[in-house]
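As they're listed, the protein sequences go chains S and Z.
All residue numbers for the first sequence refer to numbering that gives the first Met the number 0, where the first residue is 0 and numbers rise by one.
All residue numbers for the second sequence refer to numbering that gives the first Met the number 0, where the first residue is 0 and numbers rise by one.
Idealized CB from N, CA, C, for every residue including glycine.
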Amino acid sequence: MEQSGTGVGAGSALLSDGRIGTTVGAVADWSTSTDHKKIGRLFAGFGLVGLVAVSVVAVLRSLDAVADLDAFTGQQLDQFAQLHHFGLAVMVALPLTLGLSVAVTPLQVGARAIAFARLALLGFYMWLSGAILLVVAIVNGGGIGGSDSDMVDLSLASMVLMMIGVVATAISVATTVLTSRAPGITMRRVPFFSWTALVQAIALIITAPVMVGLIVYLFVDHRNSALAFGTSDSLADWLPRFFSAPVVYIYAIPVLGVFAELLPVSVSRRHPMRQLVFAGSALVGVAAFSGVTMQNDFPVDFSAAGQDVVKSLVVMAFFVGLPLLGIVITLLTALLVAKPDGSSSAKPRILSPMLFGLLSTLLFLLGAVVGVLLQVVDLELAGTTAVEGSVAIVCLAAAVGSMGGLVFWAPKFSGFKRDEKKVLPLALLGALGVVLAGVPAVVAGLADSDNTLFSTLSLVGYALMALTVLAFVGATRGGTADGTTNPWCAHTIEWSTASPAPADNYAALATVRSSEPELDQTPQGSPS
Amino acid sequence: MTLALPSGPAPAPRRQLLVGSALAGLAGTTLIGAMLAVWLLERQQVVNAGERFPMKYIIPEVATNVMLITLFGLCFFAQWAVYSARRQDRGHTGLALSVVAILALAFINAQAFVYSQMEVELAEGVYGSLFYALTGTMMAIVIAGLIFTVVAAFRTLGGRDWQSEIVSAHALYWYFAAAAYSAVWFVVYVTK
Chain S
0 MEQSGTGVGA GSALLSDGRI GTTVGAVADW STSTDHKKIG RLFAGFGLVG
50 LVAVSVVAVL RSLDAVADLD AFTGQQLDQF AQLHHFGLAV MVALPLTLGL
100 SVAVTPLQVG ARAIAFARLA LLGFYMWLSG AILLVVAIVN GGGIGGSDSD
150 MVDLSLASMV LMMIGVVATA ISVATTVLTS RAPGITMRRV PFFSWTALVQ
200 AIALIITAPV MVGLIVYLFV DHRNSALAFG TSDSLADWLP RFFSAPVVYI
250 YAIPVLGVFA ELLPVSVSRR HPMRQLVFAG SALVGVAAFS GVTMQNDFPV
300 DFSAAGQDVV KSLVVMAFFV GLPLLGIVIT LLTALLVAKP DGSSSAKPRI
350 LSPMLFGLLS TLLFLLGAVV GVLLQVVDLE LAGTTAVEGS VAIVCLAAAV
400 GSMGGLVFWA PKFSGFKRDE KKVLPLALLG ALGVVLAGVP AVVAGLADSD
450 NTLFSTLSLV GYALMALTVL AFVGATRGGT ADGTTNPWCA HTIEWSTASP
500 APADNYAALA TVRSSEPELD QTPQGSPS
Chain Z
0 MTLALPSGPA PAPRRQLLVG SALAGLAGTT LIGAMLAVWL LERQQVVNAG
50 ERFPMKYIIP EVATNVMLIT LFGLCFFAQW AVYSARRQDR GHTGLALSVV
100 AILALAFINA QAFVYSQMEV ELAEGVYGSL FYALTGTMMA IVIAGLIFTV
150 VAAFRTLGGR DWQSEIVSAH ALYWYFAAAA YSAVWFVVYV TK
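Shown next, in the form of structure tokens:
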């Protein structure tokens with residue numbers, strides 16, 4: 000029996016005679032478990048559900064525009080737009096990447112448990128209940144410009160609930176990396192994914208409370224007088240700042256870790272410039288300052304006087320350019336890893352999770368480039384569909400990268416290595432979905448056009464995303480379980496424990512002496 | 000179904016609670032910082048419109064000053080608890096934590112007194128919603144600290160193993176609370 004550490008085992012056993020009893024026992028075990036691998040997968044699982052739901056909403060929006068159905072009222076379309084926009088950020092990208100961090104980080108740093116496991120579980124439930132309440136509130140006339148005052152209040156309160164839950168979970172992740180590393184895993188030897196999880200967690204810890212503080216003001220004011228911040232329409236001046244570029248980059252940071260972690264595994268070689276990857280992903284974390292200062296608009300007007308252009312360029316380069324530079328650095332250092340140098344006799348492999356990681360990082364780069372273009376006044380992209388397109392590209396890229404992580408670490412979660420032939424095409428399908436879902440909106444913004452072709456392409460893109468998730472869930476049921484601890488021949492410490500990893504992760508751990516302790520055990524590896 | 004491997008020896012303590020509290024303090028700092036920033040922004044708009052801020056209300060400055068002194072004093076007693084806990088002095092630890100809890104209650108009482116004296120109308124003007132949102136959040140931070148103190152007292156005095164780390168973490172939280180209130184006090188009650 001799998002150890003849960005929850006104290007519900009006896010109750011589960013009483014019910015385990017029949018199928019219902021087994022199901023109830025499993026639900027009780029999962030819903031109360033303090034095993035980080037289960038908490039993380041709960042987050043990620045609901046993130047995938049959110050992705051399907053958001054895709055359906057986006058398809059309905061596009062269908063209405065393309066077919067000119069007039070099936071929905073103007074207010075309903077506004078509600079769809081908000082569910083789509085908010086949903087991509089806090090119901091898709093955030094739970095998927097944060098969930099992967101919760102599930103993987105303690106294993107990677109050699110910890111027996113996540114720090115403050117009950118806090119992480121509480122964080123999950125706060126996020127989940129906040130997400131459900133947000134959907135209920137917006138559907139019933141809440142949200143920005145909502146007609147029902149009580150539902151507007153409920154939508155604000157649910158956002159506070161979600162963000163407090165996110166901060167609680169982020170504190171667990173950051174504390175785990177900072178305090179619970181196994182002997183020998185110095186900060187310089189922390190695996191790439193765990194480093195990006197730490198960067199994301201700290202970025203969330205400093206950004207989400209700012210959003211909470213602002214929403215508390217909006218809630219108290221809207222509930223009582225609506226004199227300080229105005230009616231529900233004026234929420235549009237404040238809330239979108241936290242769901243637009245560059246703040247949404249924070250939600251996608253761990254996909255850089257997935258890519259940086261998997262490329263060296265694919266080529267069976269050490270990463271030669273680890274510190275540059277650390278610096279690159281930390282630079283993406285600079286996006287947090289945009290959230291802290293509640294600013295997402297850093298316009299650069301090239302038609303202005305030279306001195307003014309330079310001034311605005313410097314500001315824009317800090318808030319939007321540095322995160323883009325961070326992604327570029329991560330990709331450039333990857334080229335160094337991929338470049339053959341004759342030191343390794345092993346042949347490069349195309350691993351399906353690596354393909355997920357590579358494509359998601361390239362898409363993240365595309366989203367960040369669009370984020371820079373949004374700031375150029377001469378292009379007149381502000382307020383156009385390009386803003387929505389940039390959010391879609393970044394958030395959906397985060398989802399694709401997280402899927403890669405779920406495939407890669409599946410042996411440690413369930414004991415099964417997923418069937419590569421089934422999963423590999425999904426990386427391509429998902430990436431195509433992201434491109435079609437996001438890029439047409441950007442092009443429509445650039446062309447200042449509302450041609451139905453763009454809506455049609457977007458519709459196809461979101462339909463592909465929903466299809467990818469459903470196929471992904473189907474493809475990730477089962478697989479091969481040969482009992483090997485390291486089926487990918489991966490390099491980091493989590494691959495030394497059993498597959499699936501026991502509830503307390505490690506029976507015993509030797510002192511770690513390099514960044515790639517598992518590679519050291521192979522003929523091509525020698526301690527660095 | 001799989002059998003879990005037997006647990007190994009417990010890992011050495013690595014100041015998990017202290018780091019967790021520091022991160023919570025960081026989150027609280029950005030929370031209060033953001034709220035103060037929005038307060039200043041809104042106040043500027045009211046002043047630019049030629050109105051008075053905080054309008055007609057008179058702030059009971061003695062009570063608000065006493066609240067600040069209370070939090071500073073509370074930090075002193077929290078540090079006394081840390082000093083005693085490190086020496087495994089059960090009596091003094093319990094006494095210090097009790098005084099911390101009483102001072103936290105005194106702070107909450109003083110805030111309620113300020114509310115009753117000022118009689119700020121929530122639905123009347125910009126000031127009401129800003130005032131209650133900011134000071135209410137500050138009071139929530141102090142209530143969270145009070146709960147932390149009670150938990151620290153139970154874990155330290157009632158636990159099987161003597162734990163001084165949670166007392167240190169709890170003191171760190173109170174330092175953050177005192178710093179946060181200092182900023183709130185200066186902006187809301189001094190510069191207004």
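Within the 8 Å Cβ cut-off, does residue 13(Z) reach chain S?
yes
Going by other Cβ atoms of all chains shown within 10 Å of its Cβ, with 16 needed for buried, is residue 194(S) buried or exposed?
buried
Own chain residues within Cβ distance below 7 Å of residue 441(S), not counting five before or after
369, 385, 388 and 389
Backbone secondary structure at residue 479(S) - three-state DSSP:
strand
State the CB to CB distance for the pair residue 253(S) and residue 100(S), rounded to an integer number of angstroms; the pair is presumed to be in contact (CB under 8 Å).
6 Å
Look at residue 23(Z) and residue 170(S) and say whether their C-beta atoms are less than 8 Å apart.
yes
Starting from residue 302(S), find everything on chain Z with Cβ-Cβ shorter than 8 Å and list it in chain order.
Within chain Z, no residue comes near residue 302(S); the closest Cβ sits about 29 Å away, beyond 8 Å.
Within 10 angstroms of the Cβ of residue 263(S), are there 16 or more other Cβ atoms? Answer buried if so, exposed if not.
buried
Can you tell me whether residue 295(S) is buried or exposed? The criterion is at least 16 other CB atoms within 10 Å of its CB, across all chains shown.
buried
Chain-ordered neighbours of residue 555(S) on chain Z, where CB pairs are closer than 7 Å
Absent from the structure is residue 555(S), since the part of chain S shown begins at 0 and ends at 527.
Compare the C-beta of residue 592(S) against all C-beta atoms of chain Z and say whether one is closer than 8 Å.
Only positions 0 to 527 of chain S appear in this structure, which leaves residue 592(S) out of reach.
Opposing strand residues paired with residue 375(S) [DSSP bridges]
299(S)
Within 8 Å of any Cβ in chain S, is that where the Cβ of residue 19(Z) sits?
yes
Quick one: using the 10 Å Cβ neighbour count with 16 as the cut-off for buried, is residue 206(S) buried or exposed?
buried
So, helix, strand or coil for residue 0(Z), using DSSP?
The predicted position of residue 0(Z) is uncertain, since its pLDDT is 45 and thus under 50; a value taken from the coordinates is nonetheless stated next. Correct three-state label for residue 0(Z): coil.
Flag this pair as yes or no: are the beta carbons of residue 72(S) and residue 196(S) separated by less than 8 Å?
no
Identify, in the order they occur along the chain, each residue of the same chain with its Cβ nearer than 6 Å to the Cβ of residue 220(S), setting aside the five sequence neighbours on each side.
227 and 228
Among 426(S), 269(S), 346(S) and 251(S), the one whose alpha carbon lies nearest that of residue 325(S)
251(S)
When the distance is taken between beta carbons, is residue 102(S) closer than 8 Å to residue 408(S)?
yes
Within the 8 Å Cβ cut-off, does residue 136(Z) reach chain S?
yes
Please decide whether residue 208(S) counts as near chain Z, where near means a Cβ-Cβ distance under 8 Å.
yes
Going by Cα to Cα distance, which pick from 128(S), 134(S), 186(S) and 183(S) is closest to residue 161(S)?
128(S)
Quick one: residues in its chain with C-beta nearer than 7 Å to the C-beta of residue 164(Z), no 5 flanking neighbours on either side, listed in chain order?
12, 14, 16 and 17
With 16 other Cβ atoms within 10 Å as the buried cut-off, status of residue 203(S)
buried
Which value, in whole angstroms, describes the spacing of the CA atoms of residue 182(Z) and residue 152(S)?
28 Å
Considering just the uninterrupted stretch of the alpha helix (DSSP H) at residue 153(Z), what are its terminal residues?
124-156
Interface residues of chain Z facing residue 227(S) [CB-CB closer than 7 Å]
41, 125, 128 and 129
Using only CA atoms, which one of 330(S), 518(S), 310(S) and 292(S) lies nearest to residue 278(S)?
330(S)
Quick one: is residue 204(S) near chain Z, going by C-beta distance under 8 Å?
yes
For residue 346(S), name the three-state secondary structure that DSSP assigns.
coil
Name, please, each residue of chain Z whose Cβ falls closer than 9 Å to the Cβ of residue 139(S).
None at all; the shortest Cβ gap to chain Z is about 24 Å.
If the cut is a Cβ gap below 7 Å, which residues of chain Z does residue 213(S) touch?
33 and 37
Taking residue 158(S) and residue 214(S) to be in contact with their CB atoms under 8 Å, please state how far apart those CB atoms are, rounded to whole angstroms.
5 Å
Taking the continuous alpha helix (DSSP H) assigned at residue 89(Z), which residues delimit it?
89-117
Chain S contact for residue 95(Z) (CB, 8 Å cutoff):
no
Around the C-beta of residue 177(Z), are 16 or more other C-beta atoms found within 10 angstroms, so that it is buried, or is it exposed?
buried
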